[in-house]
Each structure stands twice: as C-alpha cells, then as structure tokens.
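Have a look at the structure below before the remarks.
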Amino acid sequence: MNAPLPFQRLHNFRDLGGCSADGGSTVRTGRLFRADSLAKLGGADWERFLTLDIGTVIDLRYSWEIDAKGRVPEHPSFTYHHLSVEHRPYDQPSLGPDVATGPYLAERYLEVAHDGVRELGRAIEVIAAAGGRPAVFHCTSGKDRTGLLAALVLTLLGVSEADIVEDFTLTGLASERLLADWRAEHPGRGPIWPGYGRAPEDVMRFFLAALTERYGSVRGYIADQLDIQDEVIAALRRNLLEPAPGPERMPA
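For our numbering, count along the sequence shown from 1 and bump the result up by 553.
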C-alpha cells in the first residue's frame, strides 16, 4: 500500500495502485488516487498535481463545504464532478471522549452507504468511464467519505478485505498534520474528540462486517443498493487492473 504523496498542503493524497487483486492481477499505479481537499492546491502543489495527468476529479463534500473552503482550481485538463455522498452532517471534533471511534464512525459510514446510494453509484460510474486517464476522489480529510468509496471500488476490483482495511488505516500517517490544520482554522477551540482524524482499522472492519451481515457481502450491497451495471464493473476492472502475467514462452 502507498504512503501519501509529498505535497506541501495536501496531507492524504495517495495512489490506490499496487495492491493485489483476484486472479493474480494488480491494481494499476498512477490511475486512481484518493485525497484530502483539493481546494488547498496552489503553487508548487498545483504544478505537481497537473503532472499526474488527472482527467477526472470527484468532490464528495457538501455544497456548504465547497462554498466555505472552495474547490479544486478549474483547468481544461480534467472534468470536475460534485457528488455529495453524505446527507446527515455531524461534528466529529465536538464529540465527547467516551464515544468509541470504531463503532461510532462505522455507524456513520452505514448512514452514508444508505443515504448516498445515488451519489456513490454515480461516483463508481464516473471512475469507470475515466478510461485510460487517471482519476481522483476526495472529501475534506480524505478519510471517511473518501475511505468508504475507496473500499467499494477496491472490492469491485477484487482486493482483499485485509488490504482494504490497510489502505484505510494509512490515513493515520497524515492524522497529525490534518489535526494541526484543524487547530489552525479553529484557534482556541477545544477539547477535541480523541478520535478526530484517526483511522483505526476497527472502523473499516465494523463497517464491512455490517454490510456483509445485511447483504451477504460488500458486493451484495453494491448489487442490491447501487444498481451498478455489469458493463460498468467490467470497464472499471479493465481500466484499473493489470492482468496477471502469462506464462513465458520458450524460444522456438
């Protein structure tokens, strides 16, 4: 799994490529990225972003977040899609210390999985339609809404649950910088929920287990709730998977 790319203002921009998938295939590198808010792009970060040749940007935030913080700068090299997957806002930093991170966030993820079916399904379709051009999806911290969509896409690519959970926990590498940004934007506010910005593995494990309990599997949830057509899944896998190498032929 991949650590965050070295940006100055982006703390959680990661390549989803490199992990093993079913049938001996591998998720292609440089094709699908996940990130914290791209509204922070500017200067050298913006130039670095453009070198990635990204053709599709999916913004998972609320409209009011975009109004307050802005969006990725416009550029003719990519298409911007706003798909707000979360419909019930909650204030993580204000939670009390007695709120257990894993069960609480997993329950919020389940709300998103059921409230945001139209937007989640559309996001997967947009990623599948990106063809050979790279795509990126993001929310504010690149953890919760972004982590949920990443889990669904990686499931459709045949990535193991263990690797999906590991990808989720890598936000922990960015937690301190994300928390520092929040404190800078809210001077004097505190205390902050101890779980804010954290990505313990039990959050994703509880969430995936809950989907499996209700729908038989994560794929069962996708099939039952998101109405993703077979041709969309085929395009997703064709664009994002590197097939297993075939047997080498002996020279004649």
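C-beta: ideal position from N, C-alpha, C; glycine also.
Values in this document were obtained by computation on a predicted structure and should not be read as measured data.
Taking the alpha-carbon of Asp612 as reference, which of Tyr662, Pro646, Glu664 and Ile677 has the nearest alpha-carbon?
Ile677
Indicate whether the contact test is met: 3 or more Cβ pairs, each with one atom in the segment 728-744 and one in the segment 758-774, closer than 8 angstroms.
no
Rounded to a whole number of angstroms, what is the C-alpha to C-alpha distance between Pro650 and Tyr643?
Pro650 and Tyr643: Cα-Cα distance of roughly 16 angstroms.
Quick one: what does DSSP say Arg865 is sitting in, helix, strand or coil?
Outside the shown range of the chain (554 to 805) lies residue 865, about which nothing can therefore be said.
Residues in its own chain within less than 6 angstroms of Gly725 by CB, not counting five upstream and five downstream?
Ala752
As assigned by DSSP and simplified to three states, the class of Ser647
In the structure shown, Ser647 falls within a helical segment according to DSSP collapsed to helix, strand and coil.
Taking Glu795 as the reference, give the member of Phe560, Asn555 and Arg584 with the closest Cα.
Among Phe560, Asn555 and Arg584, the Cα nearest to that of Glu795 is on Arg584.
Consult DSSP for Ala681 and reduce its assignment to one of helix, strand or coil.
Correct three-state label for Ala681: helix.
On the three-state DSSP scale, how would you describe Glu738?
Three-state result, Glu738: helix.
Report yes if the C-beta distance between Leu701 and Ile717 is below 8 angstroms; otherwise report no.
no
Opening and closing residue of the beta strand (DSSP E) in which Thr604 lies
Looking at the DSSP string, Thr604 is not in any beta strand (DSSP E), and its letter there is neither H nor E.
Shortest alpha-carbon distance to Gly570 belongs to which of Arg614, Lys696 and Gly711?
Ranked by Cα distance from Gly570, the options Arg614, Lys696 and Gly711 are led by Gly711.
Can you pull the DSSP bridge partners for Phe586?
Residue pairing from DSSP places Phe586 in a beta bridge opposite Asp568 and Val689.
Among Ala666, Glu627 and Pro629, whose alpha-carbon lies nearest the alpha-carbon of Arg641?
Closest in alpha carbon position to Arg641, among Ala666, Glu627 and Pro629, is Ala666.
Report all residues from its chain with a CB closer than 6 angstroms to the CB of Met757; omit the five preceding and five following residues, and keep chain order.
Val718 and Phe721
Cut-off 7 angstroms between Cβ atoms - residues of its own chain near Gly684, not counting five sequence neighbours on either side
Asn792
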